[in-house]
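Visitor: Handing you this structure, nothing more for now.
In the numbering used here, the protein residues as written are 1 to 68.
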């Protein structure tokens, strides 16, 4: 589940080992992505920004669904 949206409706196993660590890693990754995105927003041309947003969205969905 990412930002309250479940992109891939997978069944969650009853054992949740390392859940807090996984959530912490996801929070840090989201913060880092936000910083990079903000920096690129100031210097990048519009077409490159659109391409970056599409690639980042596809990557995040792949990671959340376990394909990455």
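Don't be surprised by glycine CBs; every beta carbon is placed ideally from N, CA and C. Model, not experiment: these values are computed from the prediction.
Counting only runs that start and end within the region 24 to 68, where is the alpha helix (DSSP H) found for 4 or more residues in a row?
Guide: Fully enclosed alpha helix (DSSP H) runs of 4 or longer: 46 to 64.
Visitor: What residue from 52, 47, 63, 46 has the CA that sits closest to residue 34's CA?
Guide: Nearest of 52, 47, 63, 46 to residue 34, Cα basis: 52.
Visitor: For residue 41, collect the residues of the same chain with a Cβ closer than 7 Å to its Cβ; drop the 5 residues on either side in sequence, then sort them by chain order.
Guide: The residues are 49.
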